[in-house]
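Undergrad: Chains as they are written, first to last, in our numbering: chain A, 822 to 1158; chain B, 190 to 535.
Have a look at this one before I ask anything.
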Amino acid sequence: MFLNELTELSGVSGCEYEVRNYIKGKLSEMGCEFYVDKLGNIIAHNKGKKNKNIMLSAHMDEVGLIVSNIDSDGFIKFKAVGGIDQRVLNSKVVVIGENKIPGVIGSKAVHLMSEEERGSSLPIDKLYIDIGTSTKEETEKVVNIGDYAAFKSDYVEFGNNMIKAKALDNRAGCSIILELLSQNLDADFYGVFTVMEEVGLRGAETAAYQLEPDLGIVLEGTVCADMPEVDEHESSTFIGKGAVLSLMDNATIYDIETVRSAAKIAEDNNITYQYRRSTSGGNDAGVIHKTKRGAKVVAISVPCRYIHSSISVASKNDIDSALKLTKQVIIENQKGE
Amino acid sequence: MLKEFLFDICSNHFVSGFEHINGDILKKYFKPYTDSFEMDRLGSYIFKRAGSNDTKIMLAAHIDEIGLMVTSILEGGFLSFSTVGGFNSSSLVAQDVTVYGKENIFGVIGIKPPHLTSEEERKKPLKIKELYIDTGYTKEELEKLVKIGDIATVNRKPLSLQGSIISAKAFDDRACIAVMLEAAKELKKISHKSNVYFTATAQEETGLRGAKTSSYKIAPDIGIVLDVGFGKTPDMPADSPQLGKGPIVAYGGRLNTKLTKKFVEICKKYNYPMQHEAVPARTGTDTDAVQVSRDGIPCILLSIPLRYMHTSVETIDINDLEIAGKALARFINELDNSDLEEILCF
Chain A
822 MFLNELTELS GVSGCEYEVR NYIKGKLSEM GCEFYVDKLG NIIAHNKGKK NKNIMLSAHM
882 DEVGLIVSNI DSDGFIKFKA VGGIDQRVLN SKVVVIGENK IPGVIGSKAV HLMSEEERGS
942 SLPIDKLYID IGTSTKEETE KVVNIGDYAA FKSDYVEFGN NMIKAKALDN RAGCSIILEL
1002 LSQNLDADFY GVFTVMEEVG LRGAETAAYQ LEPDLGIVLE GTVCADMPEV DEHESSTFIG
1062 KGAVLSLMDN ATIYDIETVR SAAKIAEDNN ITYQYRRSTS GGNDAGVIHK TKRGAKVVAI
1122 SVPCRYIHSS ISVASKNDID SALKLTKQVI IENQKGE
Chain B
190 MLKEFLFDIC SNHFVSGFEH INGDILKKYF KPYTDSFEMD RLGSYIFKRA GSNDTKIMLA
250 AHIDEIGLMV TSILEGGFLS FSTVGGFNSS SLVAQDVTVY GKENIFGVIG IKPPHLTSEE
310 ERKKPLKIKE LYIDTGYTKE ELEKLVKIGD IATVNRKPLS LQGSIISAKA FDDRACIAVM
370 LEAAKELKKI SHKSNVYFTA TAQEETGLRG AKTSSYKIAP DIGIVLDVGF GKTPDMPADS
430 PQLGKGPIVA YGGRLNTKLT KKFVEICKKY NYPMQHEAVP ARTGTDTDAV QVSRDGIPCI
490 LLSIPLRYMH TSVETIDIND LEIAGKALAR FINELDNSDL EEILCF
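Structure representation (C-alpha cells):
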C-alpha cells in the first residue's frame, strides 16, 4: 500500500508538488507510461484490452491553509484552502512551505475569553499560526505570504483495521489508482491524478478534455458521519460496510445504469458495497461528465470519518473493497460485447 | 538538558489524581540533585535538598495536567468522556488521544465534516458532551479494554519551533518543574544553608489540593510558587508579558510584599530579566493554598509566560526557564545570608 507515504505528504490545492513527485517516482519504477499536463495533472496509461475509453480519476490535493499576512509580532494570519470547518483548527500543528517550518495554531486562552467569546466558535480570522518568532522580520526569513500550510498528522493504524491520517480525502483514491496501475491488468484505462479538486474541480476538467472518456470512474474518500447521535439517514455512509457508490450529489447525477451495473458486479464478486445517502458535496465527476459531448460517470469511494480535518479515519477493509470493485468494473467494461 | 527533560516528561501523562503512574520519570531527574524523597498522601512528590540550618524553603510547581475521563462505552466503539480540570472543548476537536485502559488505546475526537453541517452549526462551539473518542473497535471489543473511569490525554509530540521556543501539552506546569530542576542543579553547586523542598504538587488543576497537603507536611518558612502565566498573543493587550523576557513576578494581596521585593532586588543586582504583574487577589495558583497552610506561609509567585494555556500546543521560551531557575538559586543563596526573620517580620 502506498497510503502511509501518501498521507504524510503535503499537497494543498495548487501546491501538489510533493504528491505529484511521489506518484511520478512510483510510476517510473513501475515502468508505467505517463505525462504531466499544463495544470499539473498526472495522466498515466495502462494499456490493455480495450472496449471503451476509461478514465480513472483521483485528486492529489487536500484542504489546507495559505499564509495571508504576518503581523508585527511575527504571528501568521491565514485563509482556508478548500472547505474547512473553523472548529477543527484550534490547537493543531501545521507545516509551512517547502521547508516545512513547524507552527502551531493558537488562539486566545479560554481563561481570558469573555462569556460571549466562549459562546461562539472562533472564526478563521481570529486564529493564527505561531512559529516561535517574535517579529515580522524574523518570520519573513522563513515564511512568506502565499506559502501553503498543511496539517501535520502521522499515519496511525488502530482499532479494527482502521487508519487515522490527514488527507485520506483523497490519498485513499490515489493509492487505489497506483495499486491498479502496478497490477499490469490486461484492460485499458487511464489513471489520472488530478490537481485542485478542493477548490473547484479544476484539474479534472482539463484532464477529461484531453482524454474524452466514455466512462469516468472517480475514486474518492467520501463523507461518513456514522457517529453517536447522528441519525442513520444523515450518516451518508458507514465505515466498514464497503465501497461506496454515489447516486447523486451537488455536482452530478450519476448514470443510474452504470451505478446499478457496478452494484451487480460487486454482488457477483462478493465485494461489500453501500450507497452514499447524502446528496451534499461533489467530486471530479461533476466536471468529467460534462466534458465535450458528455461521459458516463461512476464514483467509487472509501467512507472516511472526519474528512477535511487533520484526523480522518478509514477502514483498510473498505479501501480493499473499493480497490477490488474498481478493478472488476474496469475488467467487465473492457470485455467487449 | 532542560529541553530533554521537558520533552521526556511531557511525553508522559500525569493527569490530576493519577500522578502516581509515571512518577519514576520525575524521580530519575531529581534524584541526582537532591538528598531525600517523600510523598504526601495525595501524591505530591517532595524532593529535599538538605542544608545546614533549620530554615525550610518550599518550591512548588504542579506536576498534574488536565485530562479526560471515560464516562461510557457506546455502540460503534465510541467513548464519551468528562474532563479532569478545565478544558476549552474547542481545543479537543480533531485531536488524537490515548486512552489508558488495559493497554494504551489510540483514538480520535472527530466531528461531522463540513459537507454535512450548516454554517449556523459551525459557528457554535462544541460542548464536551457532544464529543466522542472514536477507537475503531466494536463496543464488545472495547469493553474488554477500557473501563469507565479510565483516563485519556491528547497525543502531542513536543515540538521545537524557531529559536528557543518549544511547544507541547502540559507545559502548564511542567515548565516550572523544569525551573525547579534548574534551581536544584544550581543549588548543588553551592553550599546553601536552608533546606530546600522541590515539590511537584498533585491536583492543582482540580483545586490546589496537593499544595495544601504538601505544604502542611513540609511546614516551610517560606513558599516559592511557580506556575505559568499568559504570554502575549495578538488577542491580548499590547503590554502583556512576553515570551523570552524572563519570569513574571506577581504582586498582590496573597503574596508577601517584602519577600517579593527581596527577590526583585536580587534579580536586579544580578541582571536577571523579569516582567511584572499585579494580581490583586486570587492568583489561581498553588499560592492560594500554600499561603494559608498551618499558621500561614509567606509566599512569592513567579510565572513563566506561556501561550495557548490548557491546549495541546502550549508554547514557551526555554530561556525563561533557565533564567528563573538560576535566579531562584541565587535568591535562596542570598536569603541564607540575610536575616530572614527581619524580612518576614511586619
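We put the beta carbon where it would ideally sit given N, CA and C, even for glycine.
Since this is a predicted model, take the numbers as computed values, not measurements.
What does the alpha-carbon distance come out to for the pair residue 960 of chain A and residue 902 of chain A?
TA: Working through the first sequence from its first residue, we reach residue 960 of chain A at position 139. Working through the first sequence from its first residue, we reach residue 902 of chain A at position 81. Between residue 960 of chain A and residue 902 of chain A, the C-alpha separation is close to 21 Å.
Undergrad: Return the residue from the list B:377, B:260, B:456, B:394 that minimises the CA-CA distance to residue 203 of chain B.
TA: Position 14 of the second sequence holds residue 203 of chain B. For residue 203 of chain B, the nearest C-alpha among the options comes from B:394.
Undergrad: In the DSSP assignment, the alpha helix (DSSP H) including residue 369 of chain B goes from what residue to what residue?
TA: Along the second sequence, read from residue 1 onward, the residue named residue 369 of chain B stands at position 180. Residue 369 of chain B -> alpha helix (DSSP H) spans 360-378.
Undergrad: Mind checking which residues open and close the alpha helix (DSSP H) that includes residue 403 of chain B?
TA: By one-based count along the second sequence, residue 403 of chain B stands at place 214. 398-407 is the span of the alpha helix (DSSP H), which, as asked, contains residue 403 of chain B.
Undergrad: Quick one: is residue 1100 of chain A buried, meaning 16 or more other Cβ sit within 10 Å of its Cβ, or exposed?
TA: Along the first sequence, one-based indexing puts residue 1100 of chain A at 279. Residue 1100 of chain A is exposed by the Cβ-count criterion.
Undergrad: Taking residue 1055 of chain A as the query, report the chain B residues whose CB atoms sit under 8 Å from its CB, ordered along the chain.
TA: Numbered from 1 along the first sequence, position 234 holds the residue referred to as residue 1055 of chain A. Chain B residues near residue 1055 of chain A: 305.
Undergrad: For residue 514 of chain B, collect the residues of the same chain with a Cβ closer than 6 Å to its Cβ; drop the 5 residues on either side in sequence, then sort them by chain order.
TA: Position 325 of the second sequence, counted from the start, is the residue given in the question as residue 514 of chain B. Closer than 6 Å at the Cβ level, and outside the excluded window around residue 514 of chain B, lie 368, 371, 372.
Undergrad: Using the three-state DSSP reduction, which class does residue 1122 of chain A fall into: helix, strand or coil?
TA: The count along the first sequence starts at 1 and reaches residue 1122 of chain A at position 301. In the structure shown, residue 1122 of chain A sits in a strand (DSSP, three-state: E or B).
Undergrad: Please decide whether residue 892 of chain A counts as near chain B, where near means a Cβ-Cβ distance under 7 Å.
TA: Numbered from its first residue, the first sequence carries residue 892 of chain A at position 71. It does: the Cβ of residue 892 of chain A has a partner Cβ on chain B nearer than 7 Å.
Undergrad: Which residue's Cα is closest to the Cα of residue 407 of chain B: B:195, B:194, B:249, B:345?
TA: For the purposes of this step, residue 407 of chain B is identified with residue 218 of the second sequence, where counting begins at 1. The shortest C-alpha separation from residue 407 of chain B is found at B:249.
Undergrad: Restricting to Cα atoms, I'd like to know which of B:272, B:400, B:387, B:441 is closest to residue 225 of chain B.
TA: Working through the second sequence from its first residue, we reach residue 225 of chain B at position 36. For residue 225 of chain B, the nearest C-alpha among the options comes from B:387.
Undergrad: Can you name the start and end residues of the alpha helix (DSSP H) that residue 456 of chain B belongs to?
TA: Locating residue 456 of chain B in the second sequence gives position 267, counting from the first residue. 446-458 is the extent of the alpha helix (DSSP H) around residue 456 of chain B.
Undergrad: Taking all protein chains shown into account, do 16 or more other C-beta atoms lie within 10 angstroms of the C-beta of residue 527 of chain B, making it buried, or fewer, making it exposed?
TA: By 1-based counting over the second sequence, the position of residue 527 of chain B is 338. Under this definition residue 527 of chain B is an exposed residue.
Undergrad: Does residue 956 of chain A pass the burial test, meaning 16 or more other C-beta atoms within 10 Å, or should it be called exposed?
TA: As a first step, residue 956 of chain A is located in the first sequence; it is residue number 135 there, counting from the start. Residue 956 of chain A comes out exposed.
Undergrad: Using Cβ-Cβ distances below 8 Å, what residues of the region 474-497 of chain B are close to chain A?
TA: Result list: 496, 497.
Undergrad: Please tell me whether residue 277 of chain B has its Cβ less than 7 Å away from any Cβ of chain A.
TA: If you number the second sequence from 1, residue 277 of chain B lands on position 88. Yes, residue 277 of chain B lies at the interface with chain A (some Cβ there is under 7 Å from its Cβ).
Undergrad: Write down the C-beta distance between residue 384 of chain B and residue 485 of chain B rounded to the nearest angstrom, noting that I regard them as a contact closer than 8 Å.
TA: As a working mapping, residue 384 of chain B is identified with position 195 in the second sequence. As a working mapping, residue 485 of chain B is identified with position 296 in the second sequence. Incorrect: roughly 19 Å between the Cβ atoms, too far for contact.
Undergrad: Is DSSP giving residue 1033 of chain A helix, strand or coil here?
TA: Within the first sequence, numbered from 1, the residue matching residue 1033 of chain A stands at position 212. DSSP places residue 1033 of chain A in coil when its eight states are reduced to three.
Undergrad: Check the Cβ-Cβ distances between residue 351 of chain B and every residue of chain A, and say whether any is below 7 Å.
TA: Along the second sequence, one-based indexing puts residue 351 of chain B at 162. So, interface residue.
Undergrad: Skipping 5 residues on each side, what residues in its chain have a beta carbon closer than 7 Å to that of residue 830 of chain A?
TA: For the purposes of this step, residue 830 of chain A is taken as residue 9 along the first sequence, with counting starting at 1. Closer than 7 Å at Cβ, skipping near neighbours: 839, 840, 843.
Undergrad: Does the CB of residue 1126 of chain A have a neighbour CB from chain B at under 7 Å?
TA: Translated into positions along the first sequence, residue 1126 of chain A becomes position 305. Yes, because at least one Cβ of chain B sits closer than 7 Å to the Cβ of residue 1126 of chain A.
Undergrad: Please report the distance separating the alpha-carbon of residue 1038 of chain A from that of residue 951 of chain A.
TA: For this step, residue 1038 of chain A is matched to residue 217 along the first sequence. For this step, residue 951 of chain A is matched to residue 130 along the first sequence. Approximately 41 Å, taken between the alpha carbons.
Undergrad: Expressed to the nearest angstrom, what Euclidean distance is found between the alpha-carbon atoms of residue 290 of chain B and residue 238 of chain B?
TA: Counted from its first residue, the second sequence places residue 290 of chain B at position 101. Counted from its first residue, the second sequence places residue 238 of chain B at position 49. Spanning the two alpha carbons is a distance of roughly 37 Å.
Undergrad: Taking C-beta to C-beta, are residue 374 of chain B and residue 222 of chain B nearer than 7 Å?
TA: Within the second sequence, residue 374 of chain B is the residue found at index 185, counting from 1. Within the second sequence, residue 222 of chain B is the residue found at index 33, counting from 1. In this structure, residue 222 of chain B lies closer than 7 Å to residue 374 of chain B by Cβ.
Undergrad: Taking a cut of 9 Å between CB atoms, which residues from the region 898-910 of chain A lie near chain B?
TA: Those would be 898, 904, 905, 906, 907, 908, 909, 910, in chain order.
Undergrad: Which residues, in order along the region 504-518 of chain B, keep a beta-carbon less than 7 Å from a beta-carbon of chain A?
TA: Result list: 504.
Undergrad: If you check the beta carbons only, do residue 1087 of chain A and residue 1144 of chain A fall under 7 Å apart?
TA: For the purposes of this step, residue 1087 of chain A is taken as residue 266 along the first sequence, with counting starting at 1. For the purposes of this step, residue 1144 of chain A is taken as residue 323 along the first sequence, with counting starting at 1. No, these two residues do not count as a Cβ contact at 7 Å.
Undergrad: How about the region 1107-1114 of chain A and the region 280-290 of chain B: do they share at least three Cβ pairs that are nearer than 8 Å?
TA: Touching, no.
Undergrad: For residue 856 of chain A, I'd like the list of residues in its chain whose CB is within less than 6 Å of its CB, leaving aside the five on either flank, ordered along the chain.
TA: Your numbering for residue 856 of chain A matches position 35 in the first sequence. These residues qualify, in order along the chain: 864.
Undergrad: Flag this pair as touching only if the region 326-340 of chain B and the region 349-363 of chain B have three or more C-beta atom pairs under 8 Å; answer yes or no.
TA: Touching, no, given that fewer than three Cβ pairs across the two stretches are closer than 8 Å.
Undergrad: Which of helix, strand or coil does DSSP assign to residue 202 of chain B?
TA: Along the second sequence, one-based indexing puts residue 202 of chain B at 13. In this structure, residue 202 of chain B counts as coil in the three-state DSSP scheme.
Undergrad: So, using beta-carbon positions, are residue 1006 of chain A and residue 869 of chain A closer together than 7 Å?
TA: Within the first sequence, residue 1006 of chain A is the residue found at index 185, counting from 1. Within the first sequence, residue 869 of chain A is the residue found at index 48, counting from 1. Their beta carbons are under 7 Å apart, which means residue 1006 of chain A touches residue 869 of chain A by this criterion.
Undergrad: I'd like the list of long-range same chain contacts for residue 376 of chain B, defined as Cβ closer than 7 Å, with 5 residues on each side in sequence excluded.
TA: By 1-based counting over the second sequence, the position of residue 376 of chain B is 187. Taken in chain order, the residues that qualify are 238, 385, 518, 521.
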